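Chemist: FYI, the numbering for the sequence shown is 3 to 430, going by the numbering used here. For every residue, glycine included, the Cβ atom is placed at its ideal position computed from N, Cα and C. Note that the structure is a prediction, hence the values are computed from the model and not measured.
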Amino acid sequence: MLQENESDNPNGFSEELRAGRTVFMEISTIRILILDDDPFIRGLLSRMLFRLKYTRVTAAESGKKALEIVDLPVGAPDLILCDLNMPEMDGVAFVRKLVDRNYKGSLILISGVEDRVLETAERVVLAHGIRFLGRLQKPFDHRALEKLIGKWTPSVNGVIKKSISKIYSPDEVRSGIENRELILYYQPKVELITGRPVGVEALVRWQHPKDGMAFPDQFISVAEENDLMDELTRLVLTEALGQARQWNDQGLFLKMSVNVSMDNLKSLDFPDFVAGQTAAAGLAPEQLILEVTETRLMQNSLSSLEILTRLRLKGFSLSIDDFGTGNSTFSQLRDIPFTELKVDRGFVHGACCGNPTLMAIYYASLDLARQLGMDLVAEGVEDRDDWDFLRQTGCRMAQGYFIARPMPVENLAGWLRQWNLQRQDLGD
Ligand code: C2E
Ligand code: MG
Ligand code: MG
Numbered sequence: 003m004l005q006e007n008e009s010d011n012p013n014g015f016s017e018e019l020r021a022g023r024t025v026f027m028e029i030s031t032i033r034i035l036i037l038d039d040d041p042f043i044r045g046l047l048s049r050m051l052f053r054l055k056y057t058r059v060t061a062a063e064s065g066k067k068a069l070e071i072v073d074l075p076v077g078a079p080d081l082i083l084c085d086l087n088m089p090e091m092d093g094v095a096f097v098r099k100l101v102d103r104n105y106k107g108s109l110i111l112i113s114g115v116e117d118r119v120l121e122t123a124e125r126v127v128l129a130h131g132i133r134f135l136g137r138l139q140k141p142f143d144h145r146a147l148e149k150l151i152g153k154w155t156p157s158v159n160g161v162i163k164k165s166i167s168k169i170y171s172p173d174e175v176r177s178g179i180e181n182r183e184l185i186l187y188y189q190p191k192v193e194l195i196t197g198r199p200v201g202v203e204a205l206v207r208w209q210h211p212k213d214g215m216a217f218p219d220q221f222i223s224v225a226e227e228n229d230l231m232d233e234l235t236r237l238v239l240t241e242a243l244g245q246a247r248q249w250n251d252q253g254l255f256l257k258m259s260v261n262v263s264m265d266n267l268k269s270l271d272f273p274d275f276v277a278g279q280t281a282a283a284g285l286a287p288e289q290l291i292l293e294v295t296e297t298r299l300m301q302n303s304l305s306s307l308e309i310l311t312r313l314r315l316k317g318f319s320l321s322i323d324d325f326g327t328g329n330s331t332f333s334q335l336r337d338i339p340f341t342e343l344k345v346d347r348g349f350v351h352g353a354c355c356g357n358p359t360l361m362a363i364y365y366a367s368l369d370l371a372r373q374l375g376m377d378l379v380a381e382g383v384e385d386r387d388d389w390d391f392l393r394q395t396g397c398r399m400a401q402g403y404f405i406a407r408p409m410p411v412e413n414l415a416g417w418l419r420q421w422n423l424q425r426q427d428l429g430d
């Protein structure tokens, strides 16, 4: 039997309501489903929700029952509070079923299991693109619940806002490249101890004639799947090297980081192309850093190993990007002569917030970089706490919104002036 609206249970009424007092709080219309095999937790959550003025609450004791509710003709609930440990269908399997149903609502995970299991489940939810409001660790109180539900916002036409950004077709991307509509933004990278700007990362943008600015997640994977990366990277490299040369001429020496795709590391002439372009711009190879994303490194092949090694032999620096998100092995790190390791922003921010698992990964990356003689760059430094934490741990460089957002070339001089004025205040 479905346990419809357990919050109707008079035992769940708040003291004020039982005393017949009027409570002037807005009643929420969000439809909430509680999924937990434990009747005590279902009752407790229902009461808490009722006190918080969420009255459209349904509860189910198993994944199977919950799916029956999700499939009702009135439509799926707006929010599901889902337990992880349940007999038969566990929380992770239930999430999988939600994905199959194209669930557009939000989710809160509840569990009494250790933090790390909950974190893994959380990653599964996020990977599936479900809106995740957070987790409730048992035992919890109504304040924790209230805080999480407070994050709920209606989905836009049932679609998560971020995912409505348009993904372009191969033909559109091809013509964007051919029509020279790609431009570069630059994001500064600074030394943590001194605050000194040491380099910039070139990040591609597409100035679309009709849609305005488009971001890499809207076209890079399309370019990769349609053999367009060679052309894209060549354009980016040429532009970035030309820009570095212009800065050099003005007395500004910044290392230039350029992202390369695994596709580029399939063309055997790539090292010669890079060397040729660098020489044509009148730069030393030491000024260029090529970044390879760690997740892509898994498709490592003999040719990419060969190409990376040749690039290194020619004097270019190699950086392993988004470190911690992929599965690179020690042997890959040993075999490929990387000079720099960029820890992914997920670990930087998480470590700073005291999450023990993320902190362990951050410190392991720091150690690994030291042992292998690589420079460590922390990505995604978003606030002063991140900055202070990284300084204390001895990380060498940082990049992120706290320092500067990626910017068009004409804004860099202004940013430098401003940054040099304020960077003294960022010391001890
Ligand atoms: P990435 O190389 O790891 O670049 C860093 C991304 O994080 C950039 O996103 C940047 O805008 C963003 N970011 C920087 N600081 C912060 C921060 O403090 N907080 C947050 N939340 N984000 C921050 P963007 O420009 O959208 O680029 C996304 C990815 O697209 C890049 O990740 C890179 O993998 C790829 N990409 C960008 N340009 C190129 C390119 O020219 N060629 C290739 N192959 N890939 C590119
Ligand atoms: Mg990068
Ligand atoms: Mg990165």
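Give me the residue from A146, E116, V119, K153 with the minimum Cα distance to F134.
Modeler: The option with the nearest alpha carbon to F134 is K153.
Chemist: Please specify which runs of the alpha helix (DSSP H), each continuous and at least 4 residues long, are wholly inside the region 372 to 419, giving them in chain order.
Modeler: List check, alpha helix (DSSP H) in window: 386 to 395.
Chemist: Mind checking which residues open and close the alpha helix (DSSP H) that includes M231?
Modeler: Unbroken alpha helix (DSSP H) run through M231: 231 to 251.
Chemist: So C84 is in the alpha helix (DSSP H); what residue range does that whole segment cover?
Modeler: Where C84 is concerned, there is no enclosing alpha helix (DSSP H), although the beta strand (DSSP E) it sits in stretches over 81 to 85.
Chemist: Our contact map puts L360 next to I309 with C-beta atoms below 8 angstroms; I'd like the distance itself, whole angstroms only.
Modeler: Actually they are not in contact, since the Cβ atoms of L360 and I309 sit about 33 angstroms apart, beyond 8 angstroms.
Chemist: Does ligand 3 have a heavy atom nearer than 7 angstroms to the CB of E381?
Modeler: Yes; taking the cut-off as 7 angstroms, the Cβ of E381 has a heavy atom of ligand 3 nearer than that.
Chemist: Would you say the beta carbon of D39 comes nearer than 7 angstroms to a heavy atom of ligand 2?
Modeler: D39 Cβ: outside cutoff for every heavy atom of ligand 2.
Chemist: Does the region 74 to 84 come close enough to the region 174 to 184 that 3 or more CB-CB pairs lie under 8 angstroms?
Modeler: The region 174 to 184 vs the region 74 to 84: no contact.
Chemist: So what does DSSP say about V76, is it helix, strand or coil?
Modeler: Here V76 sits in coil by DSSP.
Chemist: On the three-state DSSP scale, how would you describe M215?
Modeler: It is a strand residue.
Chemist: With 16 as the cutoff for other CB atoms within 10 Å, does F332 come out buried or exposed?
Modeler: Classification of F332: exposed, given that the 10 Å Cβ count is below 16.
Chemist: Return the bridge partner residues of A286 from the DSSP annotation.
Modeler: In DSSP, A286 forms no bridge with anything.
Chemist: Report the three-state DSSP secondary structure of D324 (helix, strand or coil).
Modeler: Of the three classes helix, strand and coil, the one that applies to D324 here is strand, per DSSP.
Chemist: Just the Cα atoms here: how many angstroms apart are L256 and R247?
Modeler: Between L256 and R247, the C-alpha separation is close to 10 angstroms.
Chemist: In whole angstroms, give me the CA-to-CA distance for G382 and D38.
Modeler: Roughly 36 angstroms between the two C-alpha positions.
Chemist: My output table needs one value for P339: the three-state DSSP class, helix, strand or coil.
Modeler: Coil, per DSSP.
Chemist: Go ahead and label Q394 buried or exposed: buried means 16 or more other beta carbons lie within 10 angstroms of its beta carbon, across all protein chains shown.
Modeler: With fewer than 16 Cβ atoms within 10 Å of its Cβ, Q394 is classed as exposed.
Chemist: Please name the residue in R125, D324, M258, G107 whose C-alpha comes closest to that of L186.
Modeler: Residue M258 is the option with its Cα nearest to L186.
Chemist: Can you tell me which of N228, L194, P339 puts its alpha carbon nearest to the alpha carbon of R425?
Modeler: Residue L194 is the option with its Cα nearest to R425.
Chemist: Less than 6 angstroms between C-beta atoms, sequence neighbours within five positions excluded: which residues of the same chain meet that for F26?
Modeler: The pLDDT assigned to F26 is 36, lower than 50, so where the model puts this residue is not dependable, and the model offers no usable value.
Chemist: Per the DSSP calculation, Y364 is bridged to which residue(s)?
Modeler: DSSP, once it has assigned bridges, lists no residue as partnering Y364.
Chemist: Do D346 and ligand 3 come close, with the Cβ less than 7 angstroms from some heavy atom?
Modeler: At least one heavy atom of ligand 3 is nearer than 7 angstroms to the Cβ of D346, so yes.
Chemist: Whose beta carbon lies closer than 6 angstroms to any heavy atom of ligand 2, going through the chain in order?
Modeler: Chain-ordered list of matching residues: E203, N261, E293, D323.
Chemist: Look at the alpha carbon of P410 and the alpha carbon of A204, and state the distance between them as a whole number of angstroms.
Modeler: So the two alpha carbons sit approximately 10 angstroms from each other.
Chemist: Do you know how far the Cα of S30 is from the Cα of R58?
Modeler: About 8 angstroms.
Chemist: Sorted by chain position, which residues of the same chain lie with C-beta nearer than 8 angstroms to F391's C-beta, five sequence neighbours on each side aside?
Modeler: Counting only Cβ-Cβ distances below 8 angstroms, and skipping sequence neighbours, we find A353, C354.
Chemist: State buried or exposed for T433, treating a residue as buried only when at least 16 other CB atoms are found within 10 Å of its CB.
Modeler: Past the edges of the chain, shown from 3 to 430, lies residue 433, and the structure says nothing about it.
Chemist: Evaluate F272 with the Cβ neighbour count: other Cβ atoms within 10 Å of its Cβ, from every protein chain shown; 16 or more gives buried, anything less gives exposed.
Modeler: Classification for F272: buried.
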